[in-house]
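Residue numbers (UniProt numbering): 1 to 386.
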């Protein structure tokens, strides 16, 4: 019986191909909207999350936002080796114009200590890093990121060259390994100089930003609490500083991802509801057109449940076919987006399956009324319309 009803439903649908396709179009567009938006959004947030994770889960960032907080480099560095903190690296940075012969550009110039390279897990591809003696004598040396080196020198082979920052010349002693772009910014476009040299050039004595590295992933919370207690004691104001780590950023990104996916999915699901209304409309038209057929079937013994099942089956098949066509189109669009954007975008199969199941629900919900109306027709009344 079920097979016969399904065959009758398919025959009815394919006998009006154009009308059936236009009816399914609302469902197709709705499924595409849901699946494509959620898949691309989740792909983008996954890329951002991977970028955060690549920065190292043991890294901690502390920023002093209060004014005139007497925080010295020596005081900050004394945190190293205490409270699960492996190392600490104060940073003094500002944007400056750098020049080399006829080439120039605006770069982030950061005054750093040797521990900066340990905390940030950075190495050089040529030359050397900034060492303790550079801080002791406030030497005029610089380590360039790959982008800074290429923009100023036209090559990564910049060791031994000279760059001008302000009115002072700096000898390039090293070029960093290429890191690529990341959410927090890359050192590829930075120029690193000794911390004491940056202090002398800017006149800034107090530390406003420093990085720390926990001894292990399990000890990050202890390290954060140690830094938090230290800054609270130094500033006497819990609003005068911030302490964050990558785990906090990842948690925030998860919350943003979930909220955004629900928001976009909810908005796009409205298209499915509109498609459901289209199915209900066309099924009501079908009931009106097939009044004679319904009357004849009932006259020869068809039960109310048979008529109900047939029209409900037609509505469900229309909805599911639209959902599957929308899913196929979504897969093609997402694959094309990943190909042309260079991202690792892929179809979110959980959302895709949920969308198709929702189509089945829409078929039942919006096809129920026309099916019930058809099943309630009396044979005499139906045949009387001939």
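From the three backbone atoms N, C-alpha and C, an ideal C-beta is built for every residue, glycine too.
These numbers were taken from a predicted model, which means no experiment stands behind them.
Open item on the list: Please identify the residue among 24, 166, 296, 82 whose C-alpha is closest to the C-alpha of residue 220.
Closed with: 82
- [ ] Indicate the three-state DSSP secondary structure (helix, strand or coil) for residue 16 in the structure shown.
- [x] Residue 16 carries a coil assignment under DSSP once its states are collapsed to helix, strand and coil.
TODO: Tell whether a beta-carbon distance below 8 Å holds between residue 76 and residue 88.
DONE: A contact, by the Cβ cut-off of 8 Å.
Open item on the list: Rounding to the nearest angstrom, what Cα-Cα distance links residue 320 and residue 22 in this structure?
Closed with: 14 Å
TODO: Put residue 297 into one of helix, strand or coil per three-state DSSP.
DONE: helix
TODO: Identify every residue that forms a DSSP beta bridge with residue 214.
DONE: 85
Task: Helix, strand or coil at residue 140 [DSSP, three-state] - done: The answer is coil: DSSP assigns residue 140 none of H, G, I, E or B.
- [ ] Using DSSP bridges, identify the partner residues of residue 90.
- [x] 210
- [ ] Determine the burial state of residue 30: buried for a count of at least 16 other Cβ atoms within 10 Å of its Cβ, exposed for fewer.
- [x] buried
Task: Cα-Cα separation between residue 183 and residue 279, rounded to whole angstroms - done: Summary for residue 183: the model assigns pLDDT 46, below 50, so the residue's position carries little reliability, and this model does not support an answer.
Open item on the list: According to DSSP, simplified to helix, strand and coil, what is residue 303?
Closed with: coil
- [ ] Spell out the partners DSSP gives residue 190 in its beta bridges.
- [x] 108
- [ ] Give the DSSP-derived three-state secondary structure of residue 183 in the structure shown.
- [x] Residue placement at residue 183 is poorly supported in this model, since its pLDDT is 46, which falls under 50; the coordinates still yield a value, given next. In this structure, residue 183 counts as coil in the three-state DSSP scheme.
Open item on the list: So, at 6 Å on beta carbons, what are the nonlocal neighbours of residue 119 in its own chain, with the 5 sequence-adjacent residues on each side left out?
Closed with: 87, 89, 211, 213
Task: Which of helix, strand or coil DSSP assigns to residue 390 - done: In the structure as shown, the chain begins at 1 and stops at 386. Residue 390 is therefore absent and cannot be evaluated.
Task: Contact between the segment 347-355 and the segment 33-43 (3+ Cβ pairs under 8 Å) - done: yes
Open item on the list: Can you give me the C-alpha to C-alpha distance between residue 79 and residue 177, rounded to a whole angstrom?
Closed with: Taking the CA atoms as reference points, residue 79 sits about 28 Å from residue 177.
- [ ] Go to residue 118, then tell me how far its alpha helix (DSSP H) extends in each direction, as first and last residue.
- [x] 115-119
TODO: Return the CA-CA distance between residue 135 and residue 332, expressed in angstroms with no decimal places.
DONE: Computed Cα separation, rounded: 57 Å.
Open item on the list: Using only CA atoms, which one of 72, 152, 192, 157 lies nearest to residue 109?
Closed with: 192
Task: Buried or exposed (CB count within 10 angstroms, at least 16 for buried), residue 14 - done: exposed
Task: Beta-bridge pairing of residue 61 - partner residues as DSSP gives them - done: 211, 244
- [ ] Please work out which residues of its chain come closer than 6 Å, Cβ to Cβ, to residue 126, disregarding the five sequence neighbours upstream and downstream, and give them in chain order.
- [x] 159, 175
TODO: Could you tell me the distance, in whole angstroms, from the CA atom of residue 386 to the CA atom of residue 371?
DONE: Reliability of the predicted coordinates at residue 386 is poor, the pLDDT of 49 falling under 50, and the value obtained from them is presented with this limitation in mind. Rounded to whole angstroms, residue 386 to residue 371 spans 21 Å at the Cα level.
Open item on the list: Is there a C-beta anywhere in chain B that falls below 8 Å from the one on residue 80?
Closed with: Absent from the structure is chain B; it holds one protein chain and no more.
Task: Reduced DSSP category for residue 26 - H, G, I as helix; E, B as strand; rest coil - done: helix
Task: Stretch pair the segment 227-238 + the segment 96-109: three plus CB contacts closer than 8 Å - done: Counting Cβ pairs under 8 Å, fewer than three are found: no touch.
Task: Span of the beta strand (DSSP E) around residue 127 - done: 124-127
- [ ] Reducing DSSP to helix, strand and coil, say where residue 334 ends up.
- [x] helix
Task: Three-state secondary structure assigned by DSSP to residue 96 - done: strand
TODO: Label residue 391 either buried or exposed according to how many other C-beta atoms from any shown protein chain fall within 10 Å of its C-beta, with 16 as the threshold for buried.
DONE: Nothing can be reported for residue 391: it is not among the residues displayed for the chain, which extend from 1 to 386.
TODO: Kindly indicate which three-state DSSP category residue 174 falls into: helix, strand or coil?
DONE: If DSSP states are grouped into helix, strand and coil, residue 174 belongs with the strands.
Task: Cutoff 6 Å; reference residue 145; Cβ partners in own chain excluding five residues on either side - done: 176, 187, 188, 189, 190
Task: Helix, strand or coil at residue 103 according to DSSP, with G and I counted as helix - done: strand
Open item on the list: Quick check on residue 197: buried or exposed, where buried means 16 or more other Cβ atoms within 10 Å of its Cβ?
Closed with: So residue 197 counts as buried.
TODO: Write down the C-beta distance between residue 84 and residue 227 rounded to the nearest angstrom, noting that I regard them as a contact closer than 8 Å.
DONE: Not a contact, Cβ separation roughly 10 Å.
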